[in-house]
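These notes are about the structure you will find just below.
There are 4 protein chains.
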Amino acid sequence: MSVPHIDYPVDFDQDPGLLTFTFGGKDAVAEVPAPGTLSTSTLDAFAGRLNRPDMLPSDADLQGYLNPQTGPFFIPQAHPGDTLAVHFKSIVPHFDFGVSTLIHFFGALTSTPQTPTLQDPLPERLWYYGIDTAKGTVTLNAKESAHSFDFALDPMHGTVGVAPAKNEVHSSLTPGAWGGNMDTPELRAGATCYLGVNVEGALFNFGDGHARQGEGESCGTAVETAMDSTVAFDVVSNYYTPWPRIETDEFIMTTGSMRPMEDAYRIAHTEMVHWISEITGMSKLDSYQFVSQAALTPVANAVDTVYTVVCKIPKALLGGADVYGGIHEKLKTY
Amino acid sequence: MSVPHIDYPVDFDQDPGLLTFTFGGKDAVAEVPAPGTLSTSTLDAFAGRLNRPDMLPSDADLQGYLNPQTGPFFIPQAHPGDTLAVHFKSIVPHFDFGVSTLIHFFGALTSTPQTPTLQDPLPERLWYYGIDTAKGTVTLNAKESAHSFDFALDPMHGTVGVAPAKNEVHSSLTPGAWGGNMDTPELRAGATCYLGVNVEGALFNFGDGHARQGEGESCGTAVETAMDSTVAFDVVSNYYTPWPRIETDEFIMTTGSMRPMEDAYRIAHTEMVHWISEITGMSKLDSYQFVSQAALTPVANAVDTVYTVVCKIPKALLGGADVYGGIHEKLKTY
Amino acid sequence: MSVPHIDYPVDFDQDPGLLTFTFGGKDAVAEVPAPGTLSTSTLDAFAGRLNRPDMLPSDADLQGYLNPQTGPFFIPQAHPGDTLAVHFKSIVPHFDFGVSTLIHFFGALTSTPQTPTLQDPLPERLWYYGIDTAKGTVTLNAKESAHSFDFALDPMHGTVGVAPAKNEVHSSLTPGAWGGNMDTPELRAGATCYLGVNVEGALFNFGDGHARQGEGESCGTAVETAMDSTVAFDVVSNYYTPWPRIETDEFIMTTGSMRPMEDAYRIAHTEMVHWISEITGMSKLDSYQFVSQAALTPVANAVDTVYTVVCKIPKALLGGADVYGGIHEKLKTY
Amino acid sequence: MSVPHIDYPVDFDQDPGLLTFTFGGKDAVAEVPAPGTLSTSTLDAFAGRLNRPDMLPSDADLQGYLNPQTGPFFIPQAHPGDTLAVHFKSIVPHFDFGVSTLIHFFGALTSTPQTPTLQDPLPERLWYYGIDTAKGTVTLNAKESAHSFDFALDPMHGTVGVAPAKNEVHSSLTPGAWGGNMDTPELRAGATCYLGVNVEGALFNFGDGHARQGEGESCGTAVETAMDSTVAFDVVSNYYTPWPRIETDEFIMTTGSMRPMEDAYRIAHTEMVHWISEITGMSKLDSYQFVSQAALTPVANAVDTVYTVVCKIPKALLGGADVYGGIHEKLKTY
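Protein chains in written order, with UniProt numbering: chain A, 1 to 334; chain B, 1 to 334; chain C, 1 to 334; chain D, 1 to 334.
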C-alpha cells in the first residue's frame, strides 16, 4: 500500500481501484500514522471528465464516476470510540480551471429524485471557470451574455469523512454523522475537522475540491476542480465525536446533516449546546442560552441527499476553554 | 393621530390601544410621509412585564402581551403594488437591561405546538442581561454557575412588516411575505428593508428589539429589550417586492419564511436569482450560477411559527448594478 | 341578516358581499341557533367561473374569487372556549358537472410559491367531469386520449371552519387549528366536525364542495362543484377543541395541519393520544400505545399552504367511551 | 448454503452469522430459485430478547441486535435491472405473545437522534401482548390501569428488501428505494411486493414481523413477534422498479421513503402517476388527474430514520390493465 498518486490524464481502466465512491465498504489504499501528514491529490467531483468550456454534463459518461474520493486511509492509532483530527494544511487547485454545472434534476432550485415533481428539468449547463492562483480569483463567464465576474479563490474540500457506524456503506454523495459530502466552505486550509471513529483505522476518505462555493451550493455544484492537498492527522483517544466538528483559529463549529433542514439545524445546535456545556462546565440550559445569543448558523448545502447546517461559536467568547486538548494548535505545527 | 409615545412604566389599562399585536387588522395610529423619518419607541417582546432577575416567564401574565408592535403607521405615498423602503437610522436600547427566556414548548431545541411530542417541557428560565451602551456589551450571567460572558451589543428589530395581502391578518409572532417576525440580526442600524405594499398606506409596524441575537435564535428569544429607534421611509412606486429584502452598505439580501426550512431557503434563493437577473441583465440560469458561488446563507430564525432564511450577496460583486435606484444611499442622508 | 341564497348564475356585482374569502375578519351574514339546522348552498372553489369543458383556468379571472365560503354564520350559543359541533346531514351536488384543474405552480407534484424552483410550470389543464347523482358516479374523460373512468360519487366539503384565535384572519385557502381548507374526504354527509370556538358566535364558514377527492388531492383540486347542503349545529359548552376533530358512526378522528407533513402527523397523533386518554381514563403512555397499534392515518391534503393529516380510531375499540356526550348521535336526529 | 432454520431459544454465540442487520454487505445464506417458494422463520425486531411482561427495553442488551433479518437469499434468476416479485403466502406468529415498547428517543411523538431536542426522554415501557391465532386477536393490557383491548390480529412484515444500488449498505432499521424497514401494514399475507434488483441474485432479506401495526407506528414499535412465513418468488426480467410497489387482489400501491414526509408523499405519488400512465396508456397529465381523484394515501411509518408513505389505487378502476403481466395471480398459485 502506498499513497495514491494521480497521474493526469487519469486512466481508470489501468487502475480501476484507484478511487473510491463510498464511505465504508472498501479496503484501505494506504496507511498513514497519526500524528503524521499526508500529501496527495484528489480528482474533482466529475473525475476530470468535464474539462472543456464547450461541454455539457451529458457529453461525458458520469454514471459511476461522481464524486471520487482519495482513500480510504488506514490510521493505525485510530480505534472505534476515538476521534480522528484532520487538519488541512494546504489545498491548492491542480489546474487553472474548474467547472460548475446544471445537471438534470440536481440542485436546490429544481425538483430532484428526493423531492420529485412532474415538471421538466431545467436545461443542462456547464460553466468553465478560470482559476488564477496568483491573483486569487476564479472567474465566471456567463453563458448567455457577456458578463464576467471575478470571485475570490477560496479552496476547500466538499467531502471529508470516515467509515460509518453499524457496518453501513454510504455513497460519497451523501453527508452524515461520518462526515461525507457536507459541502461546507468552512473546510478550507487552516481548519481542523474532528470525526468520530467507527472502525479500526478510521478509513478516512476525502475529495470533492471546490475552488470556491457559495453557502448552500444552490445549483448543486461548486467550482469543481482537482486539488493537491496536505493534511495532518492526529487521534483523540477514547473520546467519540458524534457529528463532525470543525475548528479554526477563530471558531469552533458543529455540523448536522439531515432532512428536513430544521433537523440538520437541530442536530448542529444541540451538538453545540452539549459541547459548550462540556468545555465550559456550564449547565445544559445555560449553554443553550449561550449558544442562542452567540451562534452564527450558515447553511452548508441544500442540495445533497441530505442537507448540512453549521453552527459556529467565536473562540474569543470561550475564555480559553479546552478544545480537544489544544490539538488544533498542535496540528498547525506538523 | 400622532406618533405613539411610550411612557414607562406602560399603563395598558390607560391606553389599551397603544400597541398592536397583528400585521393587518388595525387602523393606523399615525401618518408618516415618505420621504420622511419617524422617531419612536418600541416595547420589548414581553411588553416590559419580565423586568427583574428573579422572575420566571410564568410570573407575568404574558397572554395577550407577546411581541407588541409600535404602529401601524400610514404612509400616504404607499399604494398597493409599490415597495416601502424602511431605513434604520438608529436603534438604541432604552434600558440598561434585557431579558432572554426559556418558555415552555417554545424554541428550536424543544418540542412546540407546531412540532408536538409527548415529552415534558424544558424547565422555565429567565436570564437578565446587563446592557452597557458605552462599552458596547451585553452581559450573560449563567443561572446555575458563576460564569459570565460579555457579548457585543448589536441592536436590531426582530419584527418589521406591513399589512399582509388578501385581507389576511397575522399575529406579530409570525413572519411571512409581509415581513413580520423574521428575527434576523441583519435588521440593525444602517440597514434598509424593502417590503411589498399590499394596502393603501402600507400600514407599517415594528418592534421586538434585540440587544443582540444569535443566528437561529435557538432558545426562542434574543436579548429582548425596549428600543428608541429612528427610521426613514421612502416609497418605490410601481415595483412590488414579493418577499422582504434588505440592503446594507455591503450586501443585498433576500429572505424566505416557510416550513420546512429548506422551503425558506428555496424562497430566499429563488428570490435572489430573480433579483440578480433583474439588476444585472443576466439570464435566469447564469444568475443561478452566480448566486450558487457567491451567496452567504445564514439562518435567521428556527423558532417562530415559520422559519426564516437569508441569502446575502456582496455588493462589491455587482459592479454598481442599480439596486432600487440607489434609494439606500438616499435614505442614509435623511 | 338571512341565510344566503345563491341564485345561479351568480352576479357578484349585484351582491359583492355575498361570499367570504377568509376565516375571521368579516361580519356574520346570518344567525343560526344551536341546536338548529341550516340549509344553504355553496359555490365551487372557482366561484362558478370554470364551467365549460373547453376552458382553461386562465380563461377566467380567478384572482379574488378562489374558494368562496358561505357564511360566516353567527351561532349565539357559541362562546370562546366552547366547541362548535357541525353535523353534515346532506351534501348534494347542485349541477351535473364538476371541474378539476392543473393551475400553474399549484399542486403536490409541482413546484409552488411555498416550495419554489426555477423550473417551468406544468401545462394548464381543465377536466370537466359529468356528475350523475342517480348512478352515484363522477366521470373522468381523459384530455389526451379516449380513456374514460367512472369514479364513485362521494360528496364532501373541503373547507369548514370558524374564526381563528388571536384576532388572526386567514385566507380560505389555508387550513389550521380553526379548520379551514383541510380538504379531507372524511367531511362527507354523516360526519360531525368539532371546532374550538375563538370568538363570540364562532363565525362558521364552509364551502369548497368536492364531488369526490383522492387522499392528498395531488393535482391541487378535487372534482370541484357547487353543493346544496344541510348542516346541524350544536355547542359543547366550556370544552375547547384545540384542533378540528371529526366523528362518524365508525370512527373518531383528529386532524393536524402544518408543514412539514410530519408535523401535521405529530399534531394529529398527539391530539388523538390526549383525546383517548381523556375519554378512556388511560394514562398518556398507555394511550400512546393504544393509538400506535389502532390508528389509521390517511393524508388529507398535500397541496394547500399547509398540509393536513388525519388520525382515525375505530369507535368499536372504545367500548362505548363517552365522545362529546353523545352529541354525534343527537345531531343525526335534527 | 441452506435455508436458515431458527431454533428457539436462539443461541447467537453458536451461530453468529445466522442473522443479518443490513441490506447489502453480506453474502447470501441460501439460494432460492424463482419461480419458487421459501418457508422460513424470522426473529422479532428485538431478536427475542424482550420476552417477559415485567421487562423494560433496557433490561436487555439490544445494541447490535435490533431488527435482525432472515437472509440474504440469492435468487439466481434475478439480475440487475430486473424486478423481484415476492408474494407473501402466509405469515404466522410463532409464539403466543408479542411486545411493543417505548424506547428512549425513539418514536414519532418524541425527540429522536434525527430530530433532537434538549428535553428528557419519555419513560421506558414494555407492553406484553397476548396473541390468539384461533380467535384472531392481539390483546393490549394497559400498564397503568386495568384497561384491556382486543385488537384484530393482522400479521405482516415490517422489513422487506434487497441489496441497495451503488454498493451502498444500509442498516435494517432504514427504508429506501431498496425496500427495507418500510413498516407498512400492507405487507400482509396475500400481498406481492415488487423490488428493483440492483445486484446479481437480488440478495433478499426480510424480518420484523408485526402481529399488527397502526398506520404510522407512532410509538416506534408494532406488536413485535417472531414469524413463520412462506414467500413465493418470481422475477420480471428487464424491468426495473425504482421504488417498492405492492399488489393485492384489491389494490396496486407505490411507496416512497424520505424525509420530510411530503417528499415521501411526492415519491409515492409521482411513482403512481408514472405507473398509471404506463399501464393505461394515458398521458402523464391525465394520469396525474386520475391519481388525484382515485388515490388512498396512508402513512406507513413516521418513526424510522426516514418516513414511508403509500399510494393505493383500486384495481377495479383500472379496467383490467396489465400489472406486471399478471404475476400476482400467478404467484398466488405457487
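From the three backbone atoms N, C-alpha and C, an ideal C-beta is built for every residue, glycine too.
- Judged by DSSP secondary structure, THR255 of chain C falls within the beta strand (DSSP E) whose first and last residues are 251-258.
- Contact of ASP120 of chain C with chain A by beta-carbon distance below 7 Å involves GLN119, ASP120.
- One Cα belongs to SER41 of chain D, the other to PHE204 of chain A, and the distance between them is close to 39 Å.
- In the DSSP assignment, the residues bridged to ILE313 of chain B are B:ILE252.
- In its chain, beyond the 5 residues on either side, ILE75, GLN77, ALA78, PHE233, ASP234, VAL235 have a beta carbon closer than 7 Å to the beta carbon of ALA34 of chain D.
- Judged by DSSP in its simplified three-state form, SER90 of chain A adopts strand.
- Contacts with chain D at 8 Å (Cβ-Cβ) do not include ILE246 of chain A.
- Cβ-Cβ distances below 8 Å link SER148 of chain D to THR139, LEU140, ASN141, ALA142 in the same chain, with the five nearest sequence neighbours on each side left out; the list follows chain order.
- As DSSP reads the structure, LEU195 of chain D sits in a beta bridge with D:LEU84.
- GLY24 of chain B is positioned such that its CB atom lies no closer than 8 Å to that of HIS157 of chain B.
- In this structure SER145 of chain A does not touch CYS219 of chain A by the C-beta definition: roughly 17 Å separates them, more than the 8 Å allowed.
- By the neighbour-count criterion, in which 16 or more other beta carbons inside 10 Å mark a residue as buried, TYR128 of chain B falls on the buried side.
- The bridge partners DSSP lists for VAL236 of chain B are B:THR83.
- By the Cβ neighbour-count rule, ALA163 of chain D is buried, with 16 or more other Cβ atoms within 10 Å of its own.
- For PHE105 of chain D, the closest of D:PRO123, D:MET182, D:THR184 by C-alpha to C-alpha distance is D:PRO123.
- For VAL138 of chain A, the beta-bridge partners assigned by DSSP are A:ILE131, A:PHE151.
- Of the other Cβ atoms in all chains shown, fewer than 16 fall within 10 Å of the Cβ of SER90 of chain D; this residue is therefore exposed.
- The count of Cβ pairs closer than 8 Å, one atom from the segment 178-189 of chain C and one from the segment 240-247 of chain C, reaches three, so the stretches are in contact.
- By the rule that beta-carbons nearer than 8 Å mark a contact, PRO260 of chain C touches chain A.
- By the Cβ rule, the segment 313-328 of chain A does not count as touching the segment 201-216 of chain A, because fewer than three pairs are nearer than 8 Å.
- When Cβ-Cβ separations below 8 Å define contact, LYS166 of chain D makes contact with chain A.
- With a threshold of 16 other beta carbon atoms within 10 Å, GLU278 of chain C falls short and is exposed.
- Interface flag for MET55 of chain C against chain D is unset, since no Cβ pair is found closer than 8 Å.
- HIS269 of chain A and ASP263 of chain A have their C-alpha atoms some 10 Å from each other.
- For the pair VAL92 of chain A and PRO4 of chain A, the CB atoms are not nearer than the 8 Å cut-off.
- Residues of chain C whose Cβ lies closer than 7 Å to the Cβ of THR110 of chain A are, in chain order, THR117, LEU118, GLN119.
- In the DSSP assignment, the residues bridged to PRO175 of chain D are D:GLY180.
- Annotation: the continuous alpha helix (DSSP H) that includes VAL273 of chain D extends over 261-280.
- Residue contact check for GLN293 of chain A against chain B: a CB pair falls below 8 Å.
- Annotation for ASP286 of chain C: the continuous alpha helix (DSSP H) segment containing it runs 284-294.
- By the neighbour-count criterion, in which a residue is buried when 16 or more other Cβ atoms sit within 10 angstroms of its Cβ, TYR324 of chain A is buried.
- Distances from the CA of ALA45 of chain B to each of B:ALA211, B:ILE327, B:SER237, B:VAL231 were compared; the closest alpha carbon is that of B:ALA211.
- Per the C-alpha coordinates, the member of D:ALA294, D:SER111, D:MET261, D:THR112 positioned closest to MET272 of chain D is D:ALA294.
- Under a 10 Å Cβ-count criterion, LYS135 of chain D is classified as exposed, with fewer than 16 other Cβ atoms of the shown protein chains found around its own Cβ.
- The bridge partners DSSP lists for HIS170 of chain B are B:PHE23.
- Selection B:GLY201, B:LEU285, B:LEU126, B:GLU224 evaluated against ASP54 of chain B yields B:LEU126 as nearest (Cα-Cα).
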